[in-house]
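Taking it in order: structure first as structure tokens, then the write-up.
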Amino acid sequence: MSKMIAITNARLVPTPFVSSAVETRPSTSLGTNGVLILEGDRIASVGSDIPPGAEILDAKGAHVAPGIVDLGVFSVDKRACIAGGITRIALMPDQKPVLDEPGIVQRAALAAKPDLWVHPLAAATRGLAGAELGEYAMMRKAGAKAVSTGRGWVADSGVMHKVLTYAASLGLTVISHAEDAGLVGGAVATASETSTRLGLASAPAEAEALAIARDLMLAELTGATLHFRKVTTAKGLDLVRGAKAKGMAVTCGISPTHLFLSEVAINDFRTFARLSPPLRTEADRRACIEAVRDGTIDVICSAHDPRGPEVKRLPFADADPGAAGAETLLALSLGLVRDGVVSMTRLFELLALNPSRLLGVDSGRLEAGAPADLVFFDPESPWQIDAAKFAGQAGNTPFDKLPVQGRVLKTMKGGRDLS
Amino acid sequence: MTSPLFPHRHLLGIAGLQPHEILYLLDEAEQWVTLNRSLTKHDDRLAGLTQINAFFENSTRTLLSFEIAGKRLGADVVNMHAATSSVKKGETLIDTAITLNAMRADVIVIRHASSGAVALIADKVDCPVLNAGDGRHEHPTQALLDALTIRRRKGNFQGLKVAICGDVLHSRVARSNILTLTSLAADVRIVAPATLMPPAIEQMGVTAFTDMDEGIADADVVMMLRLQTERMEGGFVPSLREYHALYGLTYERLKRAKPDALVMHPGPMNRGVEIASDVADDVNRSVIAEQVEMGVAVRMACLDVLTRGRRGMA
Chain L
1 MSKMIAITNA
11 RLVPTPFVSS
21 AVETRPSTSL
31 GTNGVLILEG
41 DRIASVGSDI
51 PPGAEILDAK
61 GAHVAPGIVD
71 LGVFSVDKRA
81 CIAGGITRIA
91 LMPDQKPVLD
101 EPGIVQRAAL
111 AAKPDLWVHP
121 LAAATRGLAG
131 AELGEYAMMR
141 KAGAKAVSTG
151 RGWVADSGVM
161 HKVLTYAASL
171 GLTVISHAED
181 AGLVGGAVAT
191 ASETSTRLGL
201 ASAPAEAEAL
211 AIARDLMLAE
221 LTGATLHFRK
231 VTTAKGLDLV
241 RGAKAKGMAV
251 TCGISPTHLF
261 LSEVAINDFR
271 TFARLSPPLR
281 TEADRRACIE
291 AVRDGTIDVI
301 CSAHDPRGPE
311 VKRLPFADAD
321 PGAAGAETLL
331 ALSLGLVRDG
341 VVSMTRLFEL
351 LALNPSRLLG
361 VDSGRLEAGA
371 PADLVFFDPE
381 SPWQIDAAKF
391 AGQAGNTPFD
401 KLPVQGRVLK
411 TMKGGRDLS
Chain C
1 MTSPLFPHRH
11 LLGIAGLQPH
21 EILYLLDEAE
31 QWVTLNRSLT
41 KHDDRLAGLT
51 QINAFFENST
61 RTLLSFEIAG
71 KRLGADVVNM
81 HAATSSVKKG
91 ETLIDTAITL
101 NAMRADVIVI
111 RHASSGAVAL
121 IADKVDCPVL
131 NAGDGRHEHP
141 TQALLDALTI
151 RRRKGNFQGL
161 KVAICGDVLH
171 SRVARSNILT
181 LTSLAADVRI
191 VAPATLMPPA
201 IEQMGVTAFT
211 DMDEGIADAD
221 VVMMLRLQTE
231 RMEGGFVPSL
241 REYHALYGLT
251 YERLKRAKPD
261 ALVMHPGPMN
271 RGVEIASDVA
281 DDVNRSVIAE
291 QVEMGVAVRM
301 ACLDVLTRGR
311 RGMA
């Protein structure tokens, strides 16, 4: 018989019986003296009596929720994930080498065992060059959980049509990056007063909606399941909202950067705020918050992309885009609960349950039989984000020095304490 | 240590300068206009100081202007050209900055093709830094020399109608001039093809026109910008002849402006593209040569003012 652990005095973040799209009511149903029984690497039961012989783990009133499932990170950064309460990552295909071969996918899937689940995303096209289909079926067998266009958009509609058709026939979700490459060109910022004053090449925010419109049309045509990794504009979100209303199998995500920062953050040429897609106007940022509230946005991800000074300590346009996000994902997202945008339950649908479903992995829920992948946290505990103290590979956060609330206390994977 | 009259360590742009600080630099430049017109064009106030002109982007005129300005003030001036520097060997900008700093430069003049690059370097060095143009962002000494030229001809800026015409999208000269002239209460109009009009430009306090005849109507100053011919490849304009037909400054078009309107151009000119040769060469209308002259004086003023702290004169 496997080792049994009884987690006591936990405030368990309940898993909704049926995921409700709209839930604005702040959660009041968090049990104060919750008990969670783990057996081996699984949850054995919730809220039942403590079996004899079980090891007691006193949570001391901490919140306990399913480990975060981070959909679309760019680096296998174990320490950052553990510090951030992340137990699974969906790894973007933009690796060296690109995740476009079964062997490469298999290696990636094993990269962080046993501390972190890595679910590789198969490159939609070979080398992510946007031309030839990848071996999705073989890559799935090697561990790929979905297909991704990577950092870029598949510009050729004929190719994207084939990507969606083929992925649909295999039952694989396609994760798309929504920015029309032609309209974006060499832009590094959203067209606005800020980009004009700074003299930075910019593109209209409509580049996003344009890409979404095409991909939605092709998804409808092919019956494919489509996920937009990040939707960051009001017009883009309206298109997703409309497609959902039509009953299409479409979902979308966002990361805290685009929920809590607008394009003014690039003032003074701060390269840590150079992101892809770029930061948007304040009106778009507010639309993103509303889309989290009304359920249009299904997933919150870190888009974790640790970058060292060699690619960040450069003039703005010459720097690589991307921000380290794993360690700040939970604390920033908890702001949505404090602001009454979502309930705690809903937040963990966005952070864990929905991405699990999207990837077809059994996690993201606090239920008997689910993996014992857990995050213990205190949602009130205040701290200041300090890039210099990050546990992960790099500290390129645009939120440096920001005071936040909500601290990860412990991360467990398969019943093992990793903290 | 900075001067109370100009409390800035660097000159990275016009953004962040108060109107009286801009005027102070123009006032300071006047004495150098006088000196430069005399036979012995020399002053020793920067004697013993090392001025490094670090140009990461090709330039002939601006580099020469800064070199002359430094030499006339007695500084030891050295030029670093990107084409012959270790930048080509992959050294990062920050490493270059640290190297220049270690050589104990007293003032560094920098031009770079990327917006924000000069500020990045300024952050890493101990001496004053002068921006000689960064990407599409700013070119403050150009705007100051333009302002000095205008002031000497027109007296003041209040309500003066200045039309800035051409490739505004890619122009750091336009941005610095907009900031300078709006700050000095001029009425600034922007004339550009819609494809070369920066987004939200009117939020910088200007009026935007795509019709040049409308834009320069009744103007006191018509400031032309260089059309980078490589923009043709980006498809921003269909052809040079069509650009000239719509946005080239000809006598015919200049009639729309005031009879005594000044014609300006930062150089180098594309004759027959943004400006007709006869207009450019008309000594009664064109102040293009005078702009070059004012450039040396303004740069002398900036070098002087920025190094006062080092010289114990703050």
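Chains as they are written, first to last, in this note's numbering: chain L, 1 to 419; chain C, 1 to 314.
Glycine residues also receive a C-beta, built at the ideal position from the N, C-alpha and C atoms.
Fair warning: this is a prediction, and the values are worked out from it, not measured in the lab.
Quick one: what does DSSP say residue i is sitting in, helix, strand or coil?
i, result
"Thr125(L)", "strand"
"Thr307(C)", "coil"
"Gln203(C)", "helix"
"Ile14(C)", "coil"
"Ile110(C)", "strand"
"Asn315(C)", "Nothing about residue 315(C) can be reported from this structure: the residues present for chain C run from 1 to 314 only."
"Gly84(L)", "helix"
"His8(C)", "coil"
"Ser2(L)", "coil"
"Ile50(L)", "coil"
"Ala203(L)", "strand"
"Trp153(L)", "coil"
"Gln291(C)", "helix"
"Met313(C)", "coil"
"Arg241(C)", "helix"
"Gly335(L)", "helix"
"Arg270(L)", "coil"
So residue i and residue j are in contact, right, with Cβ under 8 angstroms, and what is the actual spacing, rounded?
i, j, result
"Leu351(L)", "Ala62(L)", "Contact flag wrong, Cβ pair sits at about 17 angstroms."
"Arg307(L)", "Asp320(L)", "6 angstroms"
"Gln142(C)", "Val107(C)", "Between Val107(C) and Gln142(C) the Cβ distance is about 18 angstroms, and since that is not below 8 angstroms, they are no contact."
"Leu225(C)", "Ile164(C)", "7 angstroms"
"Pro403(L)", "Leu261(L)", "Going by Cβ atoms, the distance from Pro403(L) to Leu261(L) rounds to 15 angstroms, so no, they are not a contact pair."
"Ile82(L)", "Leu418(L)", "5 angstroms"
"Val429(L)", "Pro278(L)", "With chain L running from 1 to 419 in the structure shown, residue 429(L) is simply not present."
"Gly67(L)", "Arg88(L)", "7 angstroms"
"Gly13(C)", "Ser176(C)", "7 angstroms"
Could you check if residue i is buried or exposed, using at least 16 other CB atoms within 10 Å of its CB as the buried criterion?
i, result
"Ser48(L)", "exposed"
"Met313(C)", "exposed"
"Asp260(C)", "exposed"
"Thr222(L)", "buried"
"Gly253(L)", "buried"
"Pro382(L)", "exposed"
"Ser333(L)", "buried"
"Lys246(L)", "exposed"
"Glu349(L)", "buried"
"Gln158(C)", "exposed"
Run the proximity test for residue i: is its beta-carbon closer than 8 angstroms to any non-hydrogen atom belonging to the ligand HEM?
i, result
"Glu208(L)", "You won't find the ligand HEM in this model; it holds no ligand whatsoever."
When you compare only the Cα positions, how much space is there between residue i and residue j?
i, j, result
"Asn267(L)", "Leu148(C)", "29 angstroms"
"Lys71(C)", "Leu39(C)", "15 angstroms"
"Leu49(C)", "Thr62(C)", "20 angstroms"
"Thr233(L)", "Asn9(L)", "42 angstroms"
"Ala287(L)", "Ile190(C)", "32 angstroms"
"Gly199(L)", "Ala192(C)", "16 angstroms"
"Pro256(L)", "Thr165(L)", "32 angstroms"
"Ser239(C)", "Val77(C)", "42 angstroms"
"Thr24(L)", "Gly340(L)", "In this predicted model, Thr24(L) has a pLDDT of only 39, less than 50, meaning its place in the structure is not dependable; the value taken from the coordinates is given anyway. So the alpha carbons of these two residues sit roughly 7 angstroms apart."
"Val292(C)", "Leu145(C)", "8 angstroms"
"Asp362(L)", "Leu12(L)", "19 angstroms"
"Arg140(L)", "Ala122(L)", "8 angstroms"
"Val129(C)", "Ile178(C)", "22 angstroms"
"Gly16(C)", "Gly135(C)", "18 angstroms"
"Ser27(L)", "Ala167(L)", "At Ser27(L), the pLDDT of 37 sits below 50, so the modelled position is not reliable; the number obtained from the coordinates is stated separately. Approximately 38 angstroms between the Cα atoms of the pair."
"Gly415(L)", "Leu38(L)", "7 angstroms"
"Asp167(C)", "Gly295(C)", "22 angstroms"
"Lys401(L)", "Asp298(L)", "29 angstroms"
Under 9 angstroms, CB to CB, which of the residues in the segment 303 to 327 of chain L have a partner in chain C? Pro309, Glu310, Arg313, Leu314, Pro315, Phe316, Ala317 and Asp318
Closer than 7 angstroms, Cβ to Cβ, to anything on chain C: give me those residues from the segment 106 to 136 of chain L, in chain order. none
Quick one: which residues of the segment 230 to 241 of chain L get their C-beta closer than 9 angstroms to a C-beta of chain D? List them in chain order. Reference to chain D is not applicable here, since the protein chains of this structure are L and C.
Could you list the residues in the segment 124 to 146 of chain C with a C-beta less than 9 angstroms from some C-beta on chain L, going in chain order? Asp134, Gly135, Arg136, His137 and Glu138
Got a sec: which bits of the segment 40 to 66 of chain C sit with their beta carbon under 8 angstroms from any beta carbon on chain L, in order along the chain? none
Short of 7 angstroms Cβ to Cβ, which residues in the segment 177 to 195 of chain L face chain C? Ala191, Ser192, Glu193 and Ser195
Name the residues in the segment 345 to 360 of chain L whose C-beta lies less than 9 angstroms from a C-beta of chain C; which are they? none
Members of the segment 189 to 211 of chain C that neighbour chain L once the beta carbon cut-off is set at 8 angstroms: Pro198, Pro199, Ala200, Ile201, Gln203 and Met204
Could you run through the segment 89 to 100 of chain C and flag, in chain order, every residue whose CB is less than 9 angstroms away from some CB of chain L? Thr92, Leu93 and Ile94
At a CB distance below 7 angstroms, what residues from the segment 149 to 174 of chain C approach chain L? Give them in sequence order. Arg172
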